[in-house]
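Numbering of the sequence shown is given in this note's numbering, commencing with residue 11 and proceeding in unit increments. Before any comments, here is the structure.
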Amino acid sequence: MQIAQISKADSAGGGASRVAEDLTILMNKSGHCATHYVSYSSKGYNQQRQPLYGSNPFINRNTRRAHHLLRRVGLSELVPLELPALLAGNIKSFDILHFHDLSSAMSPLTLAWLSRTMPVVWTVHDCSPFTGGCLYPMDCEGYKSRCGSCPQIGSWPLDSVVDGTRLSRALKRRIHRTGRVQCVTPSKWMAQMAMASGLLSTEPMVITNGVDTETYKPAANFSELRRRLGLRDDVPILLVSAGHIRDPRKGIQLALEAVRAIDREFRPVVLAMGAMHRDDEGLFQGLRWFSTGYISDPAQAAQYYACADFFLFCSLADNQPLAVLESMSCGTPVIGFACGGIPELVIDNVCGKLVPPEDMTSLIEVMRFVLRERIATDLGRAARKRIESYHSQEVHLAAHLELYDAILSRQEIAHVSY
């Protein structure tokens, strides 16, 4: 079986790109042939990782530049700049093309064109495949009707001077209605959001994300790990994490507000994992805190997950974040908001504690309860067991292979019938 995984970037591009990279590695290890096509790479290129825009440096560089310019005028999703390079390469040699995060790197028209002659899978990692381009509509209901007058114009990936969201949504509606693109979502919540948009004619298949349970595992010696990382062993350590600490969607400010409410009673240390600028330090004023910065090494990240009492995750909109899976795999329970697909991962009162989004009173009460009753360890053990049973990379890979086999079987039947 030969599969092309196609995403914005390698693992440096965020969770969706990491899933594409992991699937490529897992498929090759299991005896299949997979190649990961990316619009940019932090690790260079090799046989398994190829440039999406072709190997010519001039064309590659200018295709990225053209995508950026088109995005500035609201047209990035409407011009398939990457299609000529894909058609000129060996993309037709693959059995299935599996697309992941397209925003800022690819046009949905590329999927539409290729799906005419090849099986195409599109994993819906965020809401952009069925909106006018926003990653999460938040309180906006426009994605259910026609988009336009978008409140997120000016914010990535809609950082343009022209609102092209209505046209983009209409384009995606036509693509989904062809029935040629198999959509997959990591969570039931995202599948329901996709159907609520009115763009899809059939419900997406749900395949949950997976985590490397050998890398992300509980600490053998909790106290020794903290000492090795230069962290105190006699105080609670509460983890907050985001690609960038100031990302408003990740709710770090709300998490820190909750920490301040229990600071006098428990004197916790906040462990901040994610990129920070110097002026972001003001967010932690009055608190004891330690910043790891952005961590690209999974083994290093796993150590910080494993040393925390719990992961305080106050995201306001999320699908199925890898950070939650990684924390749980390390035996560190998640305390936070029951938003998006999070309740499908964190079973309340079993392997973590969840409260309604932005319910700060309930959040603070739950944090106090977990620390006062010292139940984080028990919750963490249950979290690890849940990951091993339902969210390991083995489960993740098996589900994808089953999907690919079913698609290829349908294709063979169609050819025989024809």
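The beta-carbon is built from N, C-alpha and C at its ideal position, and this holds for glycine as well.
The beta carbon of residue 162 sits closer than 7 angstroms to those of 144 and 168, all from its chain and outside the five residues before and after it, given in chain order. Taking the Cα of residue 122 as reference, the smallest distance to any Cα among 90, 409, 327 and 384 is reached at 90.
Beta-bridge pairing by DSSP links residue 194 to 133 and 215.
Cβ-Cβ separation between residue 413 and residue 215: approximately 6 angstroms, consistent with a contact (criterion under 8 angstroms). The way I'd put it, the region 336-356 does touch the region 196-203; three or more beta-carbon pairs between them come closer than 8 angstroms. In this structure, DSSP gives residue 53 a state outside helix and strand, which the three-state scheme calls coil.
Exposure of residue 100 is indicated by the presence of fewer than 16 other C-beta atoms within 10 angstroms of its C-beta. Within the model, the alpha-carbon separation for residue 231 versus residue 320 is close to 16 angstroms. Following the DSSP letters along the chain, one finds residue 60 inside the beta strand (DSSP E) bounded by residues 59-61.
When the beta-carbon positions are compared, residue 136 and residue 329 come within less than 8 angstroms of each other. For the pair of segments examined, the region 238-253 was found to touch the region 284-302: the number of CB pairs separated by less than 8 angstroms reaches three.
When C-alpha distances from residue 33 are compared across 394, 292 and 411, the shortest belongs to 411. With 16 or more other Cβ atoms from the protein chains shown falling within 10 Å of its own Cβ, residue 49 counts as buried. Less than 8 angstroms separates the beta-carbon of residue 173 from that of residue 159. Distance check between residue 342 and each of 326, 363 and 325 places 363 closest, using alpha-carbon atoms only. According to the DSSP assignment, residue 25 belongs to no beta strand (DSSP E) but to the alpha helix (DSSP H) extending over 25-39. The beta-bridge partner set that DSSP reports for residue 106 consists of 13. The DSSP-derived three-state label of residue 44 is strand.
Ranked by Cα distance from residue 29, the options 403, 358 and 237 are led by 403. In the three-state scheme derived from DSSP, where H, G and I count as helix and E and B as strand, residue 285 is classed as strand. Beta bridge pairing from DSSP links residue 19 with 50. In this structure the region 307-321 touches the region 331-345; the number of beta carbon pairs closer than 8 angstroms is three or more.
Residue 301 carries a strand assignment under DSSP once its states are collapsed to helix, strand and coil. Burial of residue 365 is indicated by the presence of at least 16 other C-beta atoms within 10 angstroms of its C-beta. In this structure residue 246 is not in contact with residue 316, their Cβ atoms being roughly 15 angstroms apart against a cut-off of 8 angstroms. Around the beta carbon of residue 359, fewer than 16 other beta carbons sit within 10 angstroms, so the residue counts as exposed. The beta carbon of residue 417 is closer than 7 angstroms to those of 106, 129 and 192 in its chain, skipping five residues each way along the sequence. By the CB criterion at 8 angstroms, residue 109 and residue 210 fall outside the cutoff. Around residue 406, the same chain offers 220 as residues with beta carbons nearer than 6 angstroms, after the five sequence neighbours per side are excluded.
When rounded, the separation of the alpha-carbon atoms in residue 152 and residue 212 is 21 angstroms. Within the same chain, and ignoring the five residues on either side of residue 116 in sequence, the residues whose Cβ sits closer than 6 angstroms to its Cβ are 92. Nearest to residue 114 by alpha-carbon distance, out of 95, 98, 142 and 78, is 78. Bridge partners of residue 248 according to DSSP: 280 and 320.
Per DSSP, the unbroken alpha helix (DSSP H) holding residue 121 starts and ends at 118-124. Note on geometry: alpha-carbon atoms of residue 83 and residue 76 lie some 11 angstroms from one another. DSSP, reduced to helix, strand and coil, places residue 164 outside both helices and strands of the structure shown, so it counts as coil.
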